[in-house]
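Enquirer:
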Amino acid sequence: MSTPLRVLIIENSEQRTKLLLGVLHEGGYEVEYQRADSAPALAACLEGKNWDIAIFSAVTDDFGIAEALSPILEKGLNLPFVVFADGAGEEAASEAIRMGAAEWVRRDNPAQLLAAIRRELRQSALRRRQQQMEQRVRQLEKLEALGKLAGGVAHDFNNVVSAILGWAELGARDVEPQSDAAESFEQIRQQAERAASLTRQLLGYARRETLEPCEVDLNSVAGETISLLQRLIGDKIEVTLALAPNLGTTRADPSQIERVLMNLCLNARDAMPEGGSLRIETRNVSLSEMSGSRQRDARAGEYVLLTVSDTGTGMSPETIERIFEPFFTTKAEGHGTGLGLTTALGVVTQYDGWIEVVSRPGEGSTFHVFLPASEAEANAPGETGAVFAGREGA
Ligand SMILES: Nc1ncnc2c1ncn2[C@@H]1O[C@H](COP(=O)(O)OP(=O)(O)OP(=O)(O)O)[C@@H](O)[C@H]1O
Ligand SMILES: [Mg+2]
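Each residue of the sequence shown is one higher than the one before, starting from 0 at the first, in numbering that gives the first Met the number 0.
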């Protein structure tokens, strides 16, 4: 069985490229490659694509190891760089290694090249994993800081709201029961109740508490949310619901899940100013040990999956990288706080779920929300072994 390998070959001879491809093929790799023989060609290759490894094999006077390596280092790419050349001499080799080129292999030793590739791929996978962990820790720290801030504000605000409620009740006692003034006090009371319930949720988020968990049916959440959002979404956007019959339940606070879905739908709407289609889908999913999966949060088990996709603007890898950060927004001032997805992720992780994003500029976006299926529902018919190709590694 051959292993797919995306190789950036830095080489000025077609003949030698063929030989190199032969070596890789012999080594069991199914190679996808591009060849760069100049600095501009290399820059173009680095722009468009993710590579597993760069193999440098040409040495010309004006485009040597240093010229090839520096744009890769400058971009901070986690791209192993192997020099496979003859005549480079000890000097060039040590210079390459000093500059961070991982390996230098003589051209007459193809077996050593294959060993170097295997080693480098392993190390780059480790580095990637490490980067993801660090990023995750940073994100959790930010969320925690935000939670504390929100908690502090919510707490004080709650006191104010309690006072408003108290005064509204006192006021209501002083006026004629069916009068206009009584109606006004009743309105004040109702609005204050709403404010109190919002702060309770905020406090819940801050303390990572479960609010009022019960068995939630995502299908009814989807139905209700859509009827709530209809007006906001407008009629330029076609909404489709694809809800699985026999959907399992998940244990959560329904109003929180509703908010997650709302945030995703409103983002989808914002991504389709000229209209388009918004699709909400639910499914039972059974994930096996996900060998080969590149999703960092995925865990084996039974899940209910809520998917929101749109045909909107889509996102670049750089944007995707940041969408869950508190206050990250690409929207005009006054149009986005950048907290929608932060909150959504906070809720979903609170219930041991996760969110996967698949998107490309111009090709719309899909958000998969995985929530653990409740025990009782574990036997509901579902799909098995679904592994979503996320954007990881992009
Ligand atoms: N469906 C989508 N299509 C394209 N871009 C999206 C989509 N969903 C999120 N984004 C990007 O992610 C960013 C962050 O989203 P998030 O919901 O956290 O904040 P926001 O929508 O900008 O503001 P808020 O939700 O707080 O009003 C958005 O500004 C947008 O760039
Ligand atoms: Mg939003």
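Just so you know, even glycine gets a beta-carbon here, dropped at the ideal spot from N, CA and C.
1) Tell me which residues share the same chain as M261 and place their Cβ nearer than 8 Å to its Cβ, disregarding the 5 neighbours each side in the sequence.
2) Please state the DSSP three-state secondary structure of R34.
3) Just to check my reading of the structure: I64 and V81 have Cβ atoms closer than 8 Å, yes? What is that Cβ distance to the nearest angstrom?
4) Locate the beta strand (DSSP E) running through I236, then write down its first and last residues.
5) Quick check on S254: does DSSP put it in helix, strand or coil?
6) For S358, count the other beta carbons within 10 Å of its own beta carbon; 16 or more makes it buried, fewer makes it exposed. Which is it?
7) Return the CA-CA distance between G275 and A181, expressed in angstroms with no decimal places.
8) For T198, I'd like the list of residues in its chain whose CB is within less than 6 Å of its CB, leaving aside the five on either flank, ordered along the chain.
9) Quick one: residues with CB closer than 6 Å to any heavy atom of ligand 2, in chain order, please.
10) With a Cβ-Cβ cutoff of 7 Å, do S69 and E10 count as a contact?
11) Leaving aside the five residues before and after I232 along the sequence, list all residues of the same chain whose C-beta is less than 6 Å from its C-beta, in chain order.
12) Between which two residues does the beta strand (DSSP E) holding H334 run?
13) What does the Cβ neighbour count give for C213, buried or exposed, with the cut at 16 atoms within 10 Å?
14) Which residues in the same chain as G27 place their Cβ atom closer than 7 Å to its Cβ, once the five residues preceding and following it in sequence are excluded?
15) Report the residue ranges of all beta strand (DSSP E) runs contained in full by the region 299-376; include only those spanning at least 3 residues, in chain order.
16) With 16 as the cutoff for other CB atoms within 10 Å, does P316 come out buried or exposed?
17) Reducing DSSP to helix, strand and coil, say where W50 ends up.
18) Would you say R282 and A243 are within 7 Å of each other, going by their C-beta atoms?
19) Since D51 and R5 are thought to touch, with beta carbons under 8 Å apart, how far apart are those beta carbons, to the nearest angstrom?
Expert: Let me lay it out:
1) Start at 1 with the first residue of the sequence shown, and residue 261 comes out as number 262. These residues qualify, in order along the chain: T224, L227 and L228.
2) Position 35 of the sequence shown holds residue 34. Correct three-state label for R34: strand.
3) Locating residue 64 in the sequence shown gives position 65, counting from the first residue. Locating residue 81 in the sequence shown gives position 82, counting from the first residue. Contact between I64 and V81 is absent: CB atoms are separated by about 11 Å, not below the 8 Å threshold.
4) As a position in the sequence shown, residue 236 is number 237, starting the count at 1. Start and end: I236 to A241.
5) For this step, residue 254 is matched to residue 255 along the sequence shown. Helix at S254.
6) Position 359 of the sequence shown holds residue 358. Result: buried.
7) Position 276 of the sequence shown, counting from 1, holds the residue named residue 275. Position 182 of the sequence shown, counting from 1, holds the residue named residue 181. Those two C-alpha atoms are separated by around 47 Å.
8) For the purposes of this step, residue 198 is taken as the residue at position 199 of the sequence shown. These residues qualify, in order along the chain: A153, F156 and N157.
9) That query returns the following residues: N262, L265, N266, G335 and G339.
10) Taking the sequence shown and counting its residues from 1, one reaches residue 69 at position 70. Taking the sequence shown and counting its residues from 1, one reaches residue 10 at position 11. Contact: no.
11) Against the sequence shown, residue 232 aligns to sequence position 233. For I232, where only same-chain residues beyond five positions count, the Cβ hits under 6 Å are R268.
12) Taking the first residue of the sequence shown as 1, we reach residue 334 at position 335. Annotation for H334: no beta strand (DSSP E) segment contains it, and DSSP assigns it neither H nor E.
13) The residue you call residue 213 lines up with position 214 of the sequence shown. Exposed, since its Cβ has fewer than 16 Cβ neighbours within 10 Å.
14) Taking the first residue of the sequence shown as position 1, residue 27 is located at position 28. Closer than 7 Å at Cβ, skipping near neighbours: S1 and T2.
15) 300-309, 353-358 and 364-371
16) Position 317 of the sequence shown, counting from 1, holds the residue named residue 316. In the assembly as shown, P316 is an exposed residue. Its beta-carbon has fewer than 16 other beta-carbons within 10 Å.
17) Within the sequence shown, numbered from 1, the residue matching residue 50 stands at position 51. Residue state, collapsed to three classes: coil.
18) Against the sequence shown, residue 282 aligns to sequence position 283. Against the sequence shown, residue 243 aligns to sequence position 244. Cβ atoms of R282 and A243: closer than 7 Å.
19) For the purposes of this step, residue 51 is taken as residue 52 along the sequence shown, with counting starting at 1. For the purposes of this step, residue 5 is taken as residue 6 along the sequence shown, with counting starting at 1. Correct: roughly 5 Å between the Cβ atoms.
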